[in-house]
Amino acid sequence: MPATDRFAEQATLARSLRLLAAFRFEQSDPDRFYGALADDTAAMVGDLWRSVSGTGVSGLTLLDVGGGPGYFATAFTEAGVRYVGVEPDPREMHAAGPRTRARAGTFVRASGTALPFADDSVDICLSSNVAEHVAQPWRLGDEMLRVTRPGGLVVLSYTVWLGPFGGHEMGLTHYLGGYRAAERYTRKHGHRPKNDYGSSLFAVHARDGLRWAEGTGALIAAFPRYHPRWAWWLTRVPGLREFLVSNLVLVLRPS
1 MPATDRFAEQ ATLARSLRLL AAFRFEQSDP DRFYGALADD TAAMVGDLWR
51 SVSGTGVSGL TLLDVGGGPG YFATAFTEAG VRYVGVEPDP REMHAAGPRT
101 RARAGTFVRA SGTALPFADD SVDICLSSNV AEHVAQPWRL GDEMLRVTRP
151 GGLVVLSYTV WLGPFGGHEM GLTHYLGGYR AAERYTRKHG HRPKNDYGSS
201 LFAVHARDGL RWAEGTGALI AAFPRYHPRW AWWLTRVPGL REFLVSNLVL
251 VLRPS
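With UniProt numbering, letter number 240 in the sequence shown gets 240, and the count goes up by one each step, no holes.
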């Protein structure tokens, strides 16, 4: 069964609109936004796993690279997964709002480009919206593959730079150039953006991820994370995918 068969059934226009509606609360009500995103991510990973294995995720060990404050931990733990989160920034570990569900899982402070785990030690390795914040994103990808056992699953999802959300809180000004957008944001708000181009935000393109993933020999699927199934063809069109895919999911299965 193709890796995306089960998830494709859930990738409807209604789901896309629901996630888009939740996105407007990212700054004002992060519990609402990240809680919805976490639940959707847990469902996506569960569907991908069932497609390749025919079994559920309960009892599996999942390593979340860039796990942040624990929204994903709760969603995956409720699905029966043994959750381990890796986060280099202690501020992010404690950034969840007061209404966040009880913290679950295990957390390790470490860099995603030098994971402190043995080879072949986890069943699933996930990284959601982290690669664009790493100066060496494909070193992160290589580490994810290293720690995932043969027959396991690596799910690496990231925001494409030239897409509408590539600039993060800087909005569409990133089309003027990353450094210029960061300077404009600083002048307007009186402080540097959290996702500051060149230090905590980098231009990562769809072609970069696809080239890396295809080079590993482990790629089994690639699709736009938030698009309905009928728009997944965009991933296959060079140039166009840089502007319209928005968030690219790479699914790899080590052998």
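Just so you know, even glycine gets a beta-carbon here, dropped at the ideal spot from N, CA and C.
- Taking every protein chain shown into account, the CB of residue 42 has 16 or more other CB atoms within 10 angstroms, so this residue is buried.
- Note that the region 212 to 228 touches the region 244 to 254; at least 3 beta-carbon pairs, one per stretch, sit closer than 8 Å.
- A straight-line Cα-Cα distance of about 29 Å links residue 118 and residue 206.
- Residue burial is scored here from C-beta neighbours: residue 143 has at least 16 other C-beta atoms within 10 angstroms and is therefore classed as buried.
- The region 180 to 189 makes no contact with the region 146 to 161: fewer than 3 CB pairs, one atom from each, lie closer than 8 Å.
- For residue 134, the secondary structure class from DSSP, reduced to helix, strand or coil, is coil.
- Residue burial annotation: residue 190 is exposed, with fewer than 16 other C-beta atoms found within 10 angstroms of its C-beta.
- Where residue 149 is concerned, the enclosing beta strand (DSSP E) starts and stops at 148 to 159.
- When DSSP states are grouped into helix, strand and coil, residue 128 belongs to the strand group.
- Here residue 162 is not near residue 124, since their CB atoms are 8 Å or more apart.
- Per DSSP, residue 216 is not a residue of any beta strand (DSSP E); the alpha helix (DSSP H) it occupies stretches across 206 to 216.
- Here residue 64 is bridged, per DSSP, to 85 and 126.
- Separation of residue 241 and residue 221 (C-alpha to C-alpha, rounded to the nearest whole angstrom) is 15 Å.
- Residue 22 has no beta-bridge partner at all, per DSSP.
- In this chain, residue 110 is not harboured by any beta strand (DSSP E), its DSSP state being neither H nor E.
- Taken through DSSP and simplified to helix, strand or coil, residue 203 comes out as coil.
- Note: residue 223 is bridge-paired with 249 in the DSSP secondary-structure output.
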